[in-house]
Structures are given as structure tokens and as C-alpha cells.
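Accompanying notes for the structure given below.
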Amino acid sequence: MEDLAKVRDELMAAVSSAGDLAALDAVRVQALGKKGRITGLMKGLGGLDPDARRQAGQALNELKDEVAASIEAAKTDLAKVAMDAKLAADRLDVTLPVRPSPEGRIHPITQTMDEMIAIFADMGFVVAEGPDIEDDHKNFTALNMPPGHPARQMQDTFYLPPGADGLGNVLRTHTSPVQVRTMTSQAPPIRIIAPGRTFRSDYDMTHTPMFHQIEGLVVDETTHMGHLKGCLIDFARAFFEIDDLPLRFRPSFFPFTEPSAEVDIGCSRAGGELKLGNYGDWLEILGCGMVHPKVLEMSGIDSSKYQGFAFGMGIERPAMLKYGIPDLRTFFEADLRWLKHYGFVPLSVPNLAQGLNG
Ligand code: DAH
């Protein structure tokens, strides 16, 4: 029979040098497993005479219990060490600010609309919407463009088959029909902006068949042309982030406003480069005016009591000007490299308090 004291020392040394739970389990198998050392010794007991067997059996049992107990103790220690290591590795500081690195990008058109909405919302406007497919009445007639009116011809309209109600349908040529939808569904005071898609059958360097506009409408008992001017001056300066950007209100004509104006912003075209600011040259950005009394009346608003202003502006051109995008058509080519370059990080939502473009 082997020297049990030596077996004990070797097994105990193996237990205490096991560095992790897997190593410890290997030691257990070596000592107590089917082919383990202690198991082997026990099998050898059969060859001894009864007295020696009893003695050796007792000694072996004690050794077995001692080794088993020390394996258990080592197991508890190693499990604790493993848990501590895992807790340290998985540690999460929930007070750290979120630092996202999102993959996608916000399209510059969406960004620009969000910026415009943020500015007008700050002035008390609320967002209103209408459908891309609009009936002929709201797109034209209710805006003082009855059938046969020459202004209808100027809009390169996409006509659609009449709906179930027999009304002619079009892809809306401007966002102005949202004015009609708002005035026929809610009573003054009204203060809305309506961003969205618009459509005209036109395609060249500076026109795409689908583009975007934002419409504004204010109707109440006191609003006058001075408010219109102040509102649009504040808007343009906030949007382009140029405090002294000059605006010029040039008399114009729209069937749905009287008087009407087109608004130009100051710029320079020196050296073939377009720069915004007080440089003496002008660039048109929007149309506006006082809502025509006939337009109010056609939507059921008493024009002897109520008045207001409206404006309509394209989104693409201001976006190109602000973000230095040279070619209109690239907006709609869905080129991911372009979007990566000109797009915006999703989580910086425009607002006036923190800056419009993060
Ligand atoms: N709807 C006009 C267009 O698409 C833009 C416009 C001009 C809208 C004057 C208005 C406005 O509300 O008052 O060309």
C-alpha cells in the first residue's frame, strides 16, 4: 500500500494549486473519480487480511473525506473569485451619458423640415398635414383658382382619375390645400404650418417632379402685413443663422393672397460663389401675402371679421443654401455615400435652445 501521507500531501497540493473551477474538477476526478487514486487504493483493500483491511479502510475513508472537503472548500473559493471577476468585467456605470454611434443618417430634407418646424413651433405654430393626392377643389378652386383660371396652367399638374365622389384628383401641386383643410375643419384663431411633399411634371437641373414645401397660415381678427413681415424675417434669420440677413418683400401676385409678395434674401454671387448676407444682391425664397377674402369665405370663414396671412416656401432650395448641397437631383438618388456625407446624426433633434443642427 502506498504511503497515505504522501498521497494526501500530493492531492492537497493539487487542490490548492487548481487555478479555476475546471482545473479543480480535474483534480477531483484524479482523486475520487472511477479511476481516481483514492478509488484505486480502495479497490486494493480486498487483497489485505481483515485486520489490516479495517485499519487501511478507515485511514482511506478519512483521507477520502478530507480530500472531498478540501475540494468543496476550494470550489466555494474559486466560485467566489469567478463571480467577482465577472462582476468587475460586467460593471456598468449607469450614470455615464449615452454616447450613441448610430449607423443611419437623417436625410437633409427631413433635417431642414425639422429645423423649420422647430422655428415656427417656437412662434406658436402647430403642424398640420394633408394627403399627397388632393382633390381639384382644394388644390385649386378653394384657393381662388376656379376651372379655367390661367394660374392652373402654370403648375404642370399631374392629373389623376376622379375618386368615388366624382371629384377630380391631382397630386397636390403645393401645400396650400392644407390651408383649406384647416379652415374648413377648425375655427379661428388658426396658426399652422404644413410641411410635405408636392408634385409637378417638371424635371431638369433645378426641378424634380417631387419636391417639398412648407406652408404657413395665420387667421385671426387682428393679424396684419406687419406681422407677416416680422414672422418671416425672424424665421429666415433663425433658419440661416445670420442675425442681420436682409429680407426684401417684393410685390407679386398669387390668386389666394391679396396683397401678395415674394420674399428675397440678401446674397452675393461674386466669383460664381453664392453667399448669404448683406451683400446687395437678392435671391428669392418664398411667396406670401394676406389671405384673400374670397379664400376665407370659400372655407366658411367670415372675412368681415377675420383676416390673416399665408406663405409657402420650398424646402430643397433653403436646404441646398444652408448645407452647401450643389445639385438638387442628388436629394432623391438614394445614394448612401451621399447620405453619409450630407446626412445628420439621428439623435440630435433640432431645437432653438440647443442649436438647430446639433
Ligand atoms: N402655393 C404657392 C406655390 O406653390 C406658394 C405660396 C405663395 C403659398 C403665396 C402661399 C402664399 O401660401 O401666400 O407656388
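Just so we're on the same page, the working numbering is the position in the sequence shown counted from 1, plus 1.
Even glycine gets a Cβ: it sits at the ideal position worked out from N, Cα and C.
Relative to the non-hydrogen atoms of the ligand DAH, the Cβ of Ala152 never comes closer than 7 Å to any of them. Contact between the region 226-238 and the region 328-336 is absent: fewer than three C-beta pairs spanning the two stretches fall below 8 Å. Going by DSSP, Gln308 is part of no alpha helix (DSSP H) but of the beta strand (DSSP E) stretching over 308-315. Your pair Asp133 and Gly169 does not check out as a contact, with CB atoms roughly 15 Å apart and the cut at 8 Å.
Rounded to whole angstroms, the gap between the alpha carbons of Lys36 and Val30 is 8 Å.
With 16 or more other Cβ atoms from the protein chains shown falling within 10 Å of its own Cβ, Phe126 counts as buried. Per DSSP, the beta-bridge partners of Phe345 are Ile107.
Pairwise C-beta distances place the region 272-282 out of contact with the region 305-319, as fewer than three of them are shorter than 8 Å. The beta carbon of Ala53 is closer than 7 Å to none in its chain, skipping five residues each way along the sequence.
Counting every other CB atom within 10 Å of its CB across the protein chains shown gives Thr207 a total below 16, marking it as exposed.
Buried is the label assigned to Arg201, since at least 16 other Cβ atoms lie within 10 Å of its Cβ. Gln214 has its Cβ nearer than 7 Å to a heavy atom of the ligand DAH. Residue burial is scored here from C-beta neighbours: Lys87 has fewer than 16 other C-beta atoms within 10 angstroms and is therefore classed as exposed. Around the beta-carbon of Arg173, 16 or more other beta-carbon atoms lie within 10 Å, marking it buried.
Taking the C-beta atoms as reference points, Pro256 is found nearer than 8 Å to Met146. Residue environment: Val82 is assigned as exposed (fewer than 16 neighbouring CB atoms within 10 Å of its CB, all protein chains considered).
Spatial neighbours of Gly344 in its own chain (CB-CB distance under 7 Å, excluding positions within 5 residues in sequence) are listed in chain order as Arg106, Ile107, His108, Pro109. Closest option to Thr224, judged by alpha-carbon separation, among Met114, Asp94, His342, Gly309: Gly309.
The shortest C-alpha to C-alpha distance from Pro196 to any of Asp115, Pro162, Val181 is the one to Asp115. The continuous beta strand (DSSP E) containing His213 extends over residues 211-221. Selection Leu322, Leu25, Lys7 evaluated against Leu79 yields Leu25 as nearest (Cα-Cα). For a cut-off of 8 Å, the C-beta gap from Leu353 to Ile120 is around 7 Å, short enough to register as a contact.
For secondary structure counted as the alpha helix (DSSP H) over 4 or more consecutive residues, the region 139-192 holds these complete runs in sequence order: 151-154, 178-186.
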